[in-house]
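Residue numbers (our numbering): -1 to 155.
Written out as structure tokens, the structure reads:
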């Protein structure tokens, strides 16, 4: 599979992508736990069917020391016992924030209240930005059919 576009081919798209990726790097430096960030990025990408991002975030998580069993269970996190309560609410918030059209309500008050119990305002801000960032990244990759499989951990960070 070949990508439909090379985002780095022209000066304007390349500049825009560099700024977009800088936002992603800034999120990596946020106080939201790195493990939570990778789990959320992976789950959003699974929901959206973004193979390139699933590839990236699985490999980045492994390189950061994440256990394979947890990565394999992200898609079925509700039934899995390997996630903390904080991770579980982050995954639920990510799902509701990604499935806006499906849920029609976005993130419910119940999920938001549970998230507030586990994360401070700066972490919540990072979580909301991460969900939004990943949804955008997924769309950029899916629209242009970016291939998966060749990513090397840390390649874009």
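For glycine and all other residues, C-beta sits at the position ideal for the given N, C-alpha and C.
Using the rule of at least 16 other Cβ atoms within 10 Å of the residue's Cβ for burial, across every protein chain shown, is residue i buried or exposed?
i: residue 153; result: exposed
i: residue 93; result: buried
i: residue 59; result: buried
i: residue 131; result: buried
i: residue 95; result: buried
i: residue 74; result: exposed
i: residue 81; result: buried
i: residue 42; result: buried
i: residue 3; result: exposed
i: residue 72; result: buried
Return the CA-CA distance between residue i and residue j, expressed in angstroms with no decimal places.
i: residue 115; j: residue 64; result: 24 angstroms
i: residue 109; j: residue 86; result: 10 angstroms
i: residue 55; j: residue 12; result: 22 angstroms
i: residue 10; j: residue 79; result: 46 angstroms
i: residue 138; j: residue 144; result: 8 angstroms
i: residue 150; j: residue 40; result: 16 angstroms
i: residue 49; j: residue 18; result: 19 angstroms
i: residue 99; j: residue 84; result: 25 angstroms
i: residue 97; j: residue 146; result: 23 angstroms
i: residue 121; j: residue 32; result: 11 angstroms
i: residue 106; j: residue 125; result: 15 angstroms
i: residue 102; j: residue 76; result: 21 angstroms
i: residue 23; j: residue 119; result: 19 angstroms
i: residue 148; j: residue 20; result: 21 angstroms
Can you find the residues in the same chain that come closer than 6 angstroms, C-beta to C-beta, to residue i, ignoring five residues on each side of it along the sequence?
i: residue 46; result: 136
i: residue 112; result: 87
Below 8 angstroms on the Cβ atoms is my contact criterion, and I expect residue i with residue j to pass it. Report the Cβ-Cβ distance as a whole number of Å.
i: residue 156; j: residue 44; result: It is not possible to answer for residue 156, since the shown part of the chain is limited to -1 through 155.
i: residue 142; j: residue 7; result: The Cβ separation is near 11 angstroms, so there is no contact.
i: residue 27; j: residue 62; result: Not a contact, Cβ separation roughly 14 angstroms.
i: residue 127; j: residue 25; result: 6 angstroms
In chain order, what residues of the same chain have a beta carbon less than 8 angstroms from the beta carbon of residue i, not counting five sequence neighbours either side?
i: residue 134; result: 18
i: residue 104; result: 94, 95 and 98
i: residue 129; result: 38, 42, 91, 92, 95 and 96
i: residue 34; result: 84, 85, 88 and 125
i: residue 29; result: 118, 120, 121 and 124
Just to confirm my understanding: we take residue i, look at its own chain, exclude 5 residues before and 5 after, and list those with CB closer than 7 angstroms. What are they?
i: residue 123; result: none
Query raised in the report: Can you list the alpha helix (DSSP H) stretches of 4 or more residues lying completely in the stretch 72 to 125, in chain order?
Result: 83 to 96, 98 to 101 and 107 to 116
Query - Entirely enclosed alpha helix (DSSP H) segments - the stretch 28 to 66, minimum 4 residues - result: 32 to 46 and 49 to 61
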